[in-house]
Amino acid sequence: MTTATSFDAVIVGAGPAGASAAILLARAGWSVALVERQRYPRRKVCGECIAASNLPLLDALGIGDAFAAAAGAELRRVALMRGAQTLVAPLPAATGAAQPWGRALGREVLDTLLVEQARREGATVLQPWALHAIEGSPGAFRCVVLSVDAGSLAAGAPARRELAAPLVVAAHGSWEALPFERAERRAQRRPSDLFAFKANFRDAKIAPDLLPVLAFDGGYGGMVIADAGLATLACCIREDRLDACRAAEPGARAGDVVERYLTREVRGVAEALAGASREGAWLASGPIRPGMRLPRDGGGDVFLIGNAAGEAHPIIGEGISMALQSACLLAALLGPERAAIVDVERSASVQRRLLRAHAATWRRSFSLRLHVAAAFAHVAMRPRAAAALWPFASAWPAVLTSGARWSGKTRAVAAAAPAIGT
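Take the position in the sequence shown, starting the count at 1, then add 68; the result is the number in the numbering used here.
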């Protein structure tokens, strides 16, 4: 039998949620293995906006100065673009914050900053390594990971390691199923599934302080100027709508089809991209299914954070916020319990209690965002609903400001503060 390397916790996924949890637990004295299958820096499908409520968290995580030096301009206005029409309103400032406005930063920069900080705090980063299997139960997990390094694959058999830990945290993306979830996910495909797309553009005509939100038949999206003046165009589109668009252009790449569909459907996109040049290929991921993924009874064996725990429709741009804040919530919960969790006799019972507490806290903190995002998304994707509400929004553009506030952009969850103060 392969000898396993022992840790206090194994965290699967080194995005903002996983890397932040690794930083905080390692800083609190935990031995942490952070497993990530992708090499960094790497581009990732994401709207890339970080609300002002998270900037104190970035400071506490140790990357605030680096973020401030690299990120795009302060985002002070929001626009809603539908067809030939555009509405613009102020974004709400974060309550009582020294930095009241959000900014955008490419994931290739943000994720790298966080993983490097996790290393500095003492976490063991296994990258690029992929989780192959999880065996055991709370108190006695055994994780099998395989190297996906090109050299290992060329040799004919990837390098293999086993990691032993009393506790496992799943921080993988919503479409990146753990091994035991994959067969069920494949069987659940349906026409309403959403697929996410993203591309970057140079010289796009978007005001640096503006956050445009896009509404179109079968989907929604957004644009923003992030670091180095590079524009991000991201969207989610239903599978049935995507299939119809691709059927009209046989042989065309999906990303190119989506780009042409957006420029036809939303004049603001066409105007923004006129004269712009795309940098790199379109990225795609999915299917994504926004909603709650935590077991309602607090069951399960592993702790879930970020999109693994639950995901709001990306129309509100709160994915990174929820990732960072859920990591801080979990670290606040687990930090004082390390002695009990590493105790073989007590670990299982303690984790059962903590799993229930984590699920309850997550719901209190994020359920409203899920509901608000779902309401916005379903209106945006349905032409009749969007058309019916447009006169109201045109008469009172401040509803866009209120919508941003309802989506959680002006406040971080209060329970995150103890975790970052330790």
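Each residue gets a CB set at the ideal place from its N, CA and C atoms; glycine is no exception. Treat the numbers as computed from the prediction; the structure is a model and nothing was measured.
Indicate whether THR399 and ALA89 have their beta-carbon atoms separated by less than 8 angstroms.
-> Before going on, a small fix: residue 399 reads as Ala here, not Thr. In this structure, ALA89 lies closer than 8 angstroms to ALA399 by Cβ.
Provide the residue span of the beta strand (DSSP E) that contains PHE269, from first to last.
-> 262-270
THR71, DSSP secondary structure in three states | coil
Going straight from the alpha carbon of GLU327 to that of SER475, what length do you get?
-> 27 angstroms
Indicate the three-state DSSP secondary structure (helix, strand or coil) for GLY366 in the structure shown.
-> coil
By how many angstroms is the C-alpha of PRO358 removed from the C-alpha of ILE388?
-> 14 angstroms
Do you know offhand how far GLY403's Cα is from SER417's?
-> 16 angstroms
Would you report the Cα separation of LYS273 and HIS439, rounded to the nearest angstrom?
-> 32 angstroms
Taking the continuous alpha helix (DSSP H) assigned at GLU230, which residues delimit it?
-> Element bounds for GLU230: not the alpha helix (DSSP H) but the beta strand (DSSP E), 228-233.
Nonlocal neighbours in the same chain, by C-beta distance under 7 angstroms from ASP217, ignoring five residues either side = PRO196
Taking all protein chains shown into account, do 16 or more other C-beta atoms lie within 10 angstroms of the C-beta of THR300, making it buried, or fewer, making it exposed?
-> buried
The region 153-170 contacting the region 187-196, beta-carbon criterion three pairs below 8 angstroms = no
The beta strand (DSSP E) enclosing THR192, as first and last residue numbers | 192-194
Please name the residue or residues paired with TRP197 in a DSSP beta bridge.
-> In DSSP, TRP197 forms a bridge with SER215.
Going by beta carbon distance, what residues of the same chain come within less than 7 angstroms of ARG361, once the five residues before and after it are set aside?
-> LEU372, ALA376, ALA377 and GLY378
May I ask you to report which of helix, strand or coil DSSP gives ILE79?
-> strand
Report yes or no: do the region 301-319 and the region 260-269 share at least 3 C-beta pairs separated by less than 8 angstroms?
-> yes
Under a Cβ-count criterion, where at least 16 other Cβ atoms within 10 Å of its own Cβ denotes burial, should GLY471 be classed as buried or exposed?
-> buried
Who does MET390 pair with in a DSSP beta bridge?
-> In the DSSP output, where bridge partners are listed per residue, MET390 has none listed.
For the beta strand (DSSP E) that ARG150 lies in, which residues bound it at each end?
-> 145-150
Own chain partners of LEU235 with C-beta closer than 6 angstroms, once the 5 adjacent residues on each side are dropped | ALA77 and ILE409
Exposure of GLY289, with buried meaning 16 or more beta-carbon neighbours within 10 Å = buried
Backbone CA spacing between ARG144 and LEU181 [nearest angstrom] = 25 angstroms
Just list the alpha helix (DSSP H) runs in the region 84-144, keeping only unbroken ones of 4 residues or longer that don't cross its boundaries, in chain order.
-> Fully enclosed alpha helix (DSSP H) runs of 4 or longer: 84-95, 123-129 and 132-138.
Since TYR288 sits in a beta bridge, which residues does DSSP pair it with?
-> Beta bridge pairing from DSSP links TYR288 with ALA283 and CYS304.
Rounded separation between ILE202 and ARG107 - CA only = Roughly 22 angstroms separates the two Cα atoms.
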